[in-house]
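Read through the structure below, which is laid out as structure tokens, and then see the notes.
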Amino acid sequence: MPTDPVVTAPETPKHIGLARAAIGLVQGLLLYLLFSDKVFTNPLIHTAALLACALAPVVAISGLGNLRPAMLGLWSAVVATALTMIGMHAAWRETRLLEDPAIIPTWPTMLPLVCAFSLIILFIAHSLVLAAAQDRRRLASYATHFDIAWKLFIQLAFSVFFTGALYLAMWLGASLFDLVKIRFLTELMKSSAFLSPLLACAFACALHLTDVRPAIVHGIRGLLLVLMSWLLPVATLLIGGFVLCLPFTGLDALWATRHATVALLAAVALLVVLINAAWQNGDIGDSVARVVRFSARIACVLLLPLTAIAIHALGLRVADHGWTSDRIFAAAALLVASFYALGYLYAAIDRGGWLRRVAPVNLAAAYAAITVLLALLSPLADPDRIAVNSQIARLESGAVSAAQFDYKFLKTQSRRYGTAALLKLKEGKTGPQATLAAGHATRTLAESDDYAGFEQHTVKPGQLAMWPASASLPASFPLSDWERNTGVPPCLTEGQGRCDVFLIDFDADGKDEILMTAIGAFSVPVVFSETPAGKWRLSARLHGMAQCQLFVDILKRGDYKLVAPRTRQIEIAGVPLRVEPVGARALSSCVDLEVAIRPLRTH
């Protein structure tokens, strides 16, 4: 089924490998400096530096030996410039436009998404450039595009695997040396100044090795595509059955899931990948099994109803609630999916060669994907900007009342665009509900950001079980305003959380502390104590007793006693030094507790 590679790579000179390794070393050094905050300290260029240092050298390494020096320099400069602009915009959009000084986080909250989109853009664009250079013309043949793209994908995948394997080997070696009390390798592994250049150089060397062994890459590609092509009949049968069931089941159940668009887009993406795995570069035709060819043609037809239903689902959500960032990302994905759906339908109804029209569709979709992703990463189609404009338009038109409008969405989820809109609403000059909206906007802007992103929870009586039952929680203990992700049990921050509460005088000062253990959730038991000022604070944790029902049962029975420490502590500069007596038995886990009380149970 697989064919011989279309492109035969020339022998790569040895100095190319040395140059690639050198670029990897420089890249690793720059990444080390970046993460150690020794350079690039300006937050506005922090993200730009990360994208440029992480991705631009990979383009240079891959292009070295495959592009003419002048072309390589020009293309690397274009890539570095584009990544810098994307990174600076990603950081700029995080700035706050409040009366306080502008605060820019070190890393934008959308950094993972920005990195992923940038990687996709570079993969597609770099494949197009390498293919054009290979064929020595602006638009290469589809066979060359296909060969280069798959070669680059396998190179990157195996380079990542090799780098990870090297790190694991180094870690294992350090562990072995530790066994004989030789810790130099462990100390090296803790040093980012050593690891970062090493791993970056290893990645560069792996790219070089896969580049000079094209036969291995083509063999792996052929095997992978053959295996994937035989998944196409299964996927076509399942997804086709789903589409045929919809007229009988209706769409209401699909809408009720609230993630119909994402699921349908995933189905479209799966079919597109499997169709291309079966079709490859279009030259294998009759060598493909008939069931695979038939499934590919049916799958091409299925793309249109799947995309149409996804567009309808998204349209209903937008009509009811307006645009949000997530819906804009979904719309961008649907735009690209539409290219494939319409183009592949056009290919499926062609009575000529088997799906011969797939080639121009794939090339058009590649350029469309680059355009759409670049727009999303720029002010042109910034999802937050569009979402804010949509929500403000709904407020101005009366589609949503000023009392029900989500002002926190503008402040906490829409970055600088949302804050700018709040400041404009505060002026009281926007729409027929301007006065009421101005009041809400003013209060939202004045609220503290300490607990931004979630609603404050007030503990209900049924969430806390007191032991003994006759005990009562101190009146001064706060039942609200506890911050999440600070180690407090979930019963203090979530409506579904429940806790057992024990009043125990740990420090023998005549006042009870509060020991709280979560019910049915993995949370460490904690102790709260009251300060002389009358405020309660988290003062201790029992890490080994997390989700230990035996420990809770013992507390409920009162089958324990409080004892003073066996040794006094050493205090240095006001900070106590932990003293652990040699040979003293301690309960560090629920298992230790079980072992300790087992003899008591047998008697």
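So the mapping is simple: my numbering equals the position in the sequence shown, first residue as 1, plus 1. Note that CB positions come from ideal geometry on N, CA and C, so glycine has one too. Being a predicted model, the structure only gives us computed values, none of them experimental.
Query                                                                                                                        : Result
Contact between the segment 285–298 and the segment 335–342 (3+ Cβ pairs under 8 Å)                                          : no
Unbroken stretches of the beta strand (DSSP E), 3 residues or longer, contained in the segment 465–516                       : 465–468 and 500–505
Residues near residue 562 by beta carbon distance below 6 Å, same chain, minus five either side                              : none
Test item: CB-CB of residue 312 and residue 335 under 8 Å                                                                    : yes
Sheet register partners of residue 68 (DSSP bridge)                                                                          : 65
Close-in-space but distant-in-sequence residues of the same chain around residue 600 (CB under 6 Å, 5 per side omitted)      : none
Every unbroken alpha helix (DSSP H) within the segment 254–299, with a cutoff of 4 residues, ordered by chain                : 261–280
Beta carbon of residue 194 nearer than 8 Å to that of residue 22                                                             : no
Buried versus exposed call for residue 217 [16 or more other C-beta atoms within 10 Å across all chains shown]               : exposed
Whether residue 468 touches residue 557 by CB criterion (8 Å)                                                                : yes
Start-to-end residues for the alpha helix (DSSP H) that takes in residue 359                                                 : 359–377
Under the three-state DSSP convention, the category residue 572 falls into                                                   : strand
The segment 184–198 touching the segment 108–125, judged by at least three CB pairs closer than 8 Å                          : no
Neighbourhood of residue 589 by C-beta distance below 6 Å, restricted to the same chain and skipping five residues each side : 545
Identity of the residue in 24, 401 and 338 nearest residue 199 by Cα                                                         : 24
Helix, strand or coil at residue 172 according to DSSP, with G and I counted as helix                                        : helix
Per-residue burial, residue 88 [other beta carbons within 10 Å of its own, 16 or more giving buried]                         : buried
Enclosing beta strand (DSSP E) for residue 531 [first to last residue]                                                       : 527–531
At least three beta-carbon pairs within less than 8 Å, the segment 400–413 to the segment 362–377                            : no
8 Å contact criterion, which residue 591 and residue 529 should meet: CB distance rounded                                    : Their Cβ separation, rounded to whole angstroms, is 22 Å, which puts residue 591 and residue 529 out of contact at 8 Å.
Cβ-based burial, residue 514 [other Cβ within 10 Å; buried from 16]                                                          : buried
Close-in-space but distant-in-sequence residues of the same chain around residue 102 (CB under 6 Å, 5 per side omitted)      : Interpretation of residue 102 is limited by its pLDDT of 39, a score under 50 that renders its predicted location unreliable; no figure is taken from the coordinates.
Whether residue 466 touches residue 501 by CB criterion (8 Å)                                                                : yes
From 595, 231 and 496, residue whose alpha carbon lies closest to that of residue 296                                        : 231
Start-to-end residues for the alpha helix (DSSP H) that takes in residue 540                                                 : Segment 537–542 is the beta strand (DSSP E) holding residue 540; no alpha helix (DSSP H) there.
Integer-rounded CB distance, given that residue 303 should sit under 8 Å from residue 272                                    : 6 Å
Beta-carbon proximity list for residue 555, same chain, < 7 Å, skipping 5 on both sides                                      : 561
Three-state secondary structure (DSSP) of residue 403                                                                        : coil
6 Å Cβ shell around residue 53 - same chain, five flanking residues per side excluded                                        : 81, 84 and 85
Euclidean distance between Cα positions of residue 256 and residue 239                                                       : 20 Å
Reference residue 276; option with closest CA among 234, 243, 314 and 58                                                     : 234
DSSP-derived helix/strand/coil call for residue 96                                                                           : coil
C-beta atoms of residue 498 and residue 490 nearer than 8 Å                                                                  : yes
Anticipated Cβ contact below 8 Å, residue 109 with residue 134, distance rounded                                             : Going by Cβ atoms, the distance from residue 109 to residue 134 rounds to 34 Å, so no, they are not a contact pair.
Nearest neighbour of residue 113, chosen from 549, 237, 157 and 55 [CA to CA]                                                : 55
Stretch pair the segment 349–365 + the segment 312–329: three plus CB contacts closer than 8 Å                               : no
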